[in-house]
Amino acid sequence: MEKASIIDIKHLTKCYKNADEAAVKDLTLSVNKGDIFGLLGPNGAGKTTTISILCNQISADEGEVMIEGHDLNSESDLIKKIIGVVPQDIALYPKLTAYENLKFFGNMYGLRGKVLKERITSSVSDFGLEKKLHSKVGTFSGGMKRRINLIAGILHKPNILFLDEPTVGIDVQSKNVIIEHLQQLNASEGTTIVYTSHLMEEAERFCTHIAIIDMGKVVTVGEPSALIKAYPGCSNLEDIFLLLTGRSLRD
Amino acid sequence: MWLKFKASTIKELLLLMRDRAGLAMLFLMPMLLIFIMSLLQESTLKKLEERHTPVLIVNFDNDSLGINIVNGLRSAGFFEIHELIDGKQPSLEELKKLVNYGKYRVGIIVKEGASEALRNQIRCEIQQMFPAEEGDLFSPPPDPDKPYPEIDIYFDPITQPTFKHAVSSALNEFTYAVEAKMIMGIYAQMLNDIVGIEINRSGNFKNMINLNEQYAGNRKKIIVPNAVQHNVPAWTIFAMFFIVIPLAGNIIKERESGMSLRLRTMPGSNLAVIFGKANVYFMVGILQAVFMLLIGVFVLPMVGMPALELGSSILALLLVTISISLAASGYGILIGTISTSQEQSSIFGSISVVILAAIGGIWIPTFMMSEKMNIVSKLSPLNWGLDAYYDIFLRNADVSDILIYILPLFLFALSCILASWLYNRYKTSN
């Protein structure tokens, strides 16, 4: 049975002021409910711009985006309630403890009291950080900060979770904990995950669907295994990626 | 909205409480400034009051004119009178040298025979008032060719013209009094000679017109502006506006760390977060004001300075403090919004506050500025606040009197917030 789409992007275009070329050009894409969707591409391909538009961080010049049937332009506040965002930067307050940070973000999503406290406790425990709950985030390792950064985006149990390079610059153990937890979240809560990454191996293992974008356009989209079959001579996503985006440096 | 505002306020409060250096800057810096500037200006003002202005007088006359000048200057209370150097009367050259080197601010020489010369001139004047056929009224007759009495005054070269004028006026006053006394004495003597009635010639001729000096205002107790009454409100306002630097820096830090982008993805208006942040700095501004004013009232008197009197309208004081703190918070939000880096915001924020303070009369009171600078000073919101405090402390103003300052401060705060919001919208759409 075919899944219903939860994100519909049609003819999305964004050109930054004073830029020579559009960062995203006439991009059309659908993400199905319950997917773990990887948005892959070289530097400057338009991944972050696309995800930033979907998360309401910047506005598009043209195009239409529907998320769970709501128009991104006119119903952004409704959409903000059902999405969670985990930015690439560690967007936490280093002088606050993990608990204080998570309480602040929980409050931002309207959570409070006992419910919030329980969610913080259980999430922190799931990510193996219960002993560090009342320590300042500034004293944490990179992996621990990434995990708190992720928890801050899922405390309110969003229907759709956007992650921008969530595993960049951390050790294998932390990466595994994050990936496993995201898969568990997807399986148990049915959370749709949209994720950007440079790590092809991780994307191949983690994503149910991927789209490779380059120069602001989608160059291919589909299930990783189906794509590998569809491109003769390619044994993995990295081969497809290089085949479609070329070997020349982009920055 | 309320939960976001509350959460943002609590978060900001925690961050501020953990920033000891920032807190020290916000509270200790203005406290030190109040102490240092009040002590400096208090001593300067005392000098200007000339209570202890050293004056060297060489009285070669030793008659009524010289004696009256010495006694008059001594009783005026503004001068420290010296007549001898090392137990000896100094020469003219010594006097000029000592005044030139600044040991004495003023040197006065009452020349020998000055009183006699004055008597001679008075007699000449009286003689001329009578017809020539009356003959000589005085024996011996006065000599019209005799020179007028002279008093030489030497000033320290750094003396201000206003002070010179004040000293000259005081001397004129004493010499007029001596003149009047002598004229009356001579007339009394003449009457005595003509009608044979013994008249008391030692009558004390005082100024017969009373000048009632008062300060305009409805306060029963007159408050004289002093260093404390300028410096405490001035540096309090300066400190309140200095929150621009941590507030703007905080906004930029959130932007640089990706926090503001993250917050923008969350439901509800982002204004609640900004207002929560500004709310903490607004409260800090109020606390700063309370703290600094209490220092003026209770601590400065302990180090020998006059106590700050807060006026009679606490409501007016509160409203002015609130509006200054709001204006400072609004300005901080604007600087934080338009600056692209923390370095830029701290440089632009601090320089702009220092300039606004300088033109607003924080360092040098506006009444000491030129007319043109007085007009320029009205452009500074710090000046609006300072004028409002002056009115409350010195003119006993109430709420209706200070509305002309409060409204512009509120409008300034609103304009800054509106400009920040518009700028943010413009940046997001690009």
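Protein chains in written order, with the working numbering: chain R, 1 to 251; chain G, 252 to 681.
Note that CB positions come from ideal geometry on N, CA and C, so glycine has one too.
Just so you know, these numbers come straight off a predicted model, no measurement behind them.
Selection from the options that minimises the alpha carbon distance to residue i
i        : options                                   : result
Ala567/G : Val418/G, Val554/G, Tyr640/G and Met276/G : Tyr640/G
Pro400/G : Asn482/G, Asn371/G and Ile653/G           : Asn371/G
Val357/G : Pro392/G, Pro305/G and Gly436/G           : Pro305/G
Lys47/R  : Lys131/R, Ser225/R, Ile179/R and Ile210/R : Ile210/R
Thr167/R : Asn159/R, Tyr195/R and Phe140/R           : Tyr195/R
Leu538/G : Ile575/G, Gly562/G and Glu507/G           : Ile575/G
Asn107/R : Thr13/R, Gln184/R, His156/R and Lys175/R  : His156/R
Phe493/G : Asn477/G, Pro518/G and Gly536/G           : Gly536/G
Ile51/R  : Gly143/R, Met144/R and Ile160/R           : Ile160/R
Ala23/R  : Val221/R, Pro224/R, Gly44/R and Ser76/R   : Gly44/R
Ala540/G : Leu266/G, Met282/G, Asp270/G and Ala275/G : Met282/G
Leu654/G : Ile573/G, Ile610/G and Glu622/G           : Ile573/G
Leu514/G : Ile6/R, Glu62/R and Ile90/R               : Ile90/R
Leu369/G : Gly436/G, Leu267/G and Ile598/G           : Gly436/G
Lys14/R  : Ile7/R, Asp26/R, Ser5/R and Asp8/R        : Asp26/R
Gly547/G : Ile287/G, Gln593/G and Asp396/G           : Ile287/G
Val31/R  : Leu244/R, Thr49/R, Ile67/R and Val177/R   : Ile67/R
Glu201/R : Leu150/R, Asn176/R and Phe104/R           : Asn176/R
Lys362/G : Phe311/G, Met276/G and Leu335/G           : Phe311/G
Ser366/G : Pro392/G, Ser580/G and Ile434/G           : Ile434/G
Leu92/R  : Glu118/R, Lys10/R and Lys136/R            : Lys136/R
Pro395/G : Gln379/G, Ser580/G and Ala499/G           : Gln379/G
Lys257/G : Gly128/R, Leu150/R and Leu111/R           : Leu111/R
Gln57/R  : Gln183/R, Gly222/R, Met144/R and Lys80/R  : Lys80/R
Ser225/R : Ser174/R, Val219/R, Ser122/R and Leu237/R : Leu237/R
Leu570/G : Pro412/G, Asp270/G, Ile657/G and Pro393/G : Ile657/G
Interface partners of residue i on chain R, CB under 8 angstroms
i        : result
Leu514/G : Met108
Ala258/G : Lys103, Phe104, Asn107 and Met108
Counterpart residues of residue i in DSSP-defined beta bridges
i        : result
Thr487/G : According to DSSP, which records beta bridges pairwise, Thr487/G is partnered with nothing at all.
Asn310/G : Val361/G
Ser197/R : Leu40/R
Ala211/R : Leu39/R and Val221/R
Val24/R  : Lys14/R
Leu161/R : Gly84/R and Ile193/R
Phe406/G : Val357/G
Asp8/R   : Ser30/R and Met66/R
Asn333/G : Sequence inspection shows His at residue 333/G; the Asn mentioned does not correspond to that position. Leu307/G.
Thr97/R  : Lys136/R
Lys339/G : Ile336/G
CB-CB length for residue i against residue j, believed under 8 angstroms
i        : j        : result
Ala664/G : Leu633/G : Ala664/G to Leu633/G, Cβ: 13 angstroms. No contact.
Lys415/G : Phe406/G : 6 angstroms
Asn101/R : Ala152/R : 7 angstroms
Ile359/G : Ile308/G : 5 angstroms
Gly190/R : Gly38/R  : In fact, because the Cβ distance is near 18 angstroms, the residues do not count as touching under 8 angstroms.
Ile584/G : Ser671/G : 5 angstroms
Ile496/G : Ser601/G : 6 angstroms
Asn179/R : Phe206/R : Residue identity check: residue 179/R is Ile in the sequence provided, not Asn. About 6 angstroms; that satisfies the 8 angstroms criterion.
Trp486/G : Ile285/G : 5 angstroms
His232/G : Pro616/G : Because chain G here runs from 252 to 681, residue 232/G falls outside it and cannot be looked at.
Ile240/R : Gly41/R  : Rounded, the Cβ-Cβ distance is 12 angstroms, inconsistent with contact.
Ala98/R  : Ile148/R : 5 angstroms
Within chain G, the residues that residue i reaches when beta carbons sit closer than 7 angstroms
i        : result
Gln263/R : Here chain R comprises residues numbered 1 to 251, so residue 263/R is not present and cannot be evaluated.
Val85/R  : Arg513 and Thr516
Lys175/R : What Lys175/R touches in chain G: nothing, since even the nearest Cβ is about 20 angstroms away.
Lys81/R  : Pro518
Chain-ordered chain G contacts of residue i [CB-CB under 9 angstroms]
i        : result
Ser96/R  : First, the residue type needs correcting, since residue 96/R is Leu and not Ser in the sequence shown. Simply Lys262, Leu265, Leu266 and Arg269.
Glu100/R : Ile261, Lys262 and Leu265
Proximal chain R residues relative to residue i, where beta-carbon distance stays under 7 angstroms
i        : result
Ser508/G : Asp89 and Ala91
Thr679/G : Ile58 and Ser59
Partner residues on chain R for residue i, Cβ-Cβ distance less than 9 angstroms
i        : result
Lys255/G : Asn107, Met108 and Gly110
Proximal residues of chain G, C-beta to C-beta of residue i below 8 angstroms
i       : result
Tyr77/R : Looking at the sequence itself, residue 77/R is Asp, so the reference to Tyr does not match. Residues of chain G passing the Cβ test: Pro518 and Gly519.
**Message:** Quick check on the DSSP output: what are the complete alpha helix (DSSP H) runs of length 4 or more inside the stretch 26-93 of chain R, in order along the chain?
**Reply:** 47-54 and 76-82
**Those runs of the alpha helix (DSSP H) which lie wholly inside the stretch 631-667 of chain G and span at least 4 residues** = Correct list: 632-645.
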